[in-house]
Amino acid sequence: MLKRVIKLLATAVEDDEKTSYINESLLHQIIITEGSKAYLTKQVGEDNKQQFFKPYKDLCAVIGNIISECSPKYKYPKSLASTIIEMAHFQIFFMNNLPSLTDFGKTKKESEIIAFLNDLVFTSLKKS
Numbered sequence: 005m006l007k008r009v010i011k012l013l014a015t016a017v018e019d020d021e022k023t024s025y026i027n028e029s030l031l032h033q034i035i036i037t038e039g040s041k042a043y044l045t046k047q048v049g050e051d052n053k054q055q056f057f058k059p060y061k062d063l064c065a066v067i068g069n070i071i072s073e074c075s076p077k078y079k080y081p082k083s084l085a086s087t088i089i090e091m092a093h094f095q096i097f098f099m100n101n102l103p104s105l106t107d108f109g110k111t112k113k114e115s116e117i118i119a120f121l122n123d124l125v126f127t128s129l130k131k132s
């Protein structure tokens, strides 16, 4: 299940004909390029009180629970969950925009990002 989550986070989204009113591919690009700007602000505390980040926190909790199921003794499931999300997004951004910051800039293959994330995550989980 965790490998599937990693694959979903590190793979481009394709448009769904059933939702013609939403361009999922464009929305995914916006999330990759602008997502972290939503909470890296001066008013993050107030925004958090307004529960603006609840969906993101809920997603991290779900992934954290999956991590705990995979490795019950792992001490940092929430931290790893948020790291997986952010790292997937950053690596895609770097691959496409700042290729010297990643090992995937030349090949532009999402499959390599997925392999990297799997290696990082499951190596960490094996140590616990």
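Here the sequence shown is numbered in the working numbering, starting from 5 and rising by one per residue. We put the CB at the ideal spot given by N, CA and C, even for glycine.
Cα-Cα separation between residue i and residue j, rounded to whole angstroms
i	j	result
V125	K131	10 Å
A42	Q95	18 Å
E18	P76	34 Å
D20	L31	12 Å
S86	C64	6 Å
Q47	Q54	11 Å
Limits of the unbroken alpha helix (DSSP H) element including residue i
i	result
Q33	E28 to E38
Y60	K58 to C74
S104	Where S104 is concerned, there is no enclosing alpha helix (DSSP H), given that its DSSP letter is neither H nor E.
Local Cβ density within 10 Å of residue i, reported as buried at 16 or more and exposed below that
i	result
G49	exposed
M5	exposed
I89	buried
T106	buried
Residue-chain proximity (residue i, chain C), Cβ-Cβ < 7 Å
i	result
D123	Included in the structure is just one protein chain, with no chain C present.
Where residue i falls: helix, strand or coil (DSSP)
i	result
G109	coil
E21	helix
T87	helix
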